[in-house]
Amino acid sequence: MTAGVAGRSYPSDLQDLLTAHGYNYRIDNQGVSGDTTTDGLARIGNVIAEHPALVILEFGGNDGLRGIPVDATKKNLQDMIMRLKEANIPIVLLGITLPPNYGPDYVKPFTAIFPELAKQYHLKLMPFLLLNVYQHPDLMQPDGIHPNGEGNKIVAEDVFHLIEPGLSKQK
């Protein structure tokens, strides 16, 4: 979901924050605009092959916007998590929710996927990636779904604060 945002993506801003704070990590943003969890699962082997120090797993928004069954989204995320865990790669899970017009019968179980998986697999979680930007039109693109360049900076700061306790400057 990080691709397709106006201005720099939040992973680019996150890279800047890591560097500015003296962390020697390289962000490899493998997000592709419009990807679903099915697409992510198909490429998870590429991620594992890179032997990352950490995976920030952020998928599901496009599934929800397309009305993909919640169980299918959850299973794909679960499969990605299990494969990453089998490879001993630490994971941080970033959740998302949907606009209320998708209806509570879909939105509620969809939004619950992320805390359920975080609890089940003992993952650090950000329940809603856009929490600090989505209600601010000046931080969002006209589509109301994606943050703009300034919004991405805030998202990057939020993600940085989530992952920083697990980082090492002695990498």
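The numbers in this note's numbering rise by one with no breaks, and the one at position 58 of the sequence shown is 567.
Glycine is no exception: its CB is placed at the ideal position from the N, C-alpha and C atoms.
Note that the structure is a prediction, hence the values are computed from the model and not measured.
May I have the straight-line CA-CA distance separating residue i from residue j, to the nearest angstrom?
i: F568; j: T546; result: 6 Å
i: D588; j: L607; result: 22 Å
i: K583; j: F623; result: 8 Å
i: G576; j: Q679; result: 44 Å
i: Q644; j: D525; result: 25 Å
i: I536; j: L640; result: 22 Å
i: D544; j: A529; result: 30 Å
i: E625; j: P578; result: 16 Å
i: F669; j: L527; result: 8 Å
i: G554; j: A596; result: 10 Å
i: A621; j: L523; result: 26 Å
i: L638; j: N661; result: 10 Å
i: Y681; j: L574; result: As displayed, the chain neither begins before 510 nor continues past 680, which places residue 681 out of reach and without an answer.
i: A551; j: P646; result: 34 Å
Here's the rule I'm using: 16 or more other beta-carbon atoms within 10 Å means buried, otherwise exposed. How should residue i be labelled?
i: A627; result: buried
i: G531; result: exposed
i: T511; result: With a pLDDT of only 37 at T511, under the threshold of 50, the placement of this residue in the model should not be trusted, and no figure is reported.
i: P609; result: exposed
i: N533; result: exposed
i: D572; result: buried
Among the options, whose alpha-carbon lies nearest the alpha-carbon of residue i?
i: S521; options: D647, G658 and P578; result: G658
i: P674; options: E595, M591, K633 and I605; result: K633
i: I605; options: A596, Y630 and H655; result: H655
i: M635; options: L602, G660, G554 and R552; result: L602
i: L586; options: F637, Y611 and G549; result: G549
i: R592; options: A558, F619, L574 and Y611; result: A558
i: K594; options: A581, F619, D580 and Y630; result: Y630
Considering only the beta carbon of each residue, do residue i and residue j sit closer than 7 Å?
i: I598; j: P561; result: yes
i: I683; j: V564; result: Missing from the structure shown is residue 683; the chain here goes from 510 to 680 and no further.
Inset, instruction - Could you say if the segment 564–581 and the segment 529–544 meet the contact criterion of at least three C-beta pairs nearer than 8 Å? - result: Yes, since at least three Cβ pairs between the segment 564–581 and the segment 529–544 fall closer than 8 Å, the two stretches touch.
Legend entry - Contact between the segment 661–671 and the segment 517–525 (3+ Cβ pairs under 8 Å): The segment 661–671 makes contact with the segment 517–525: 3 or more CB pairs, one atom from each, lie closer than 8 Å.
Inset, instruction - Count the C-beta pairs between the segment 648–656 and the segment 613–629 that are closer than 8 Å, then say yes if the count reaches three, no if not. - result: The segment 648–656, when compared against the segment 613–629, does not touch it at the 8 Å Cβ threshold.
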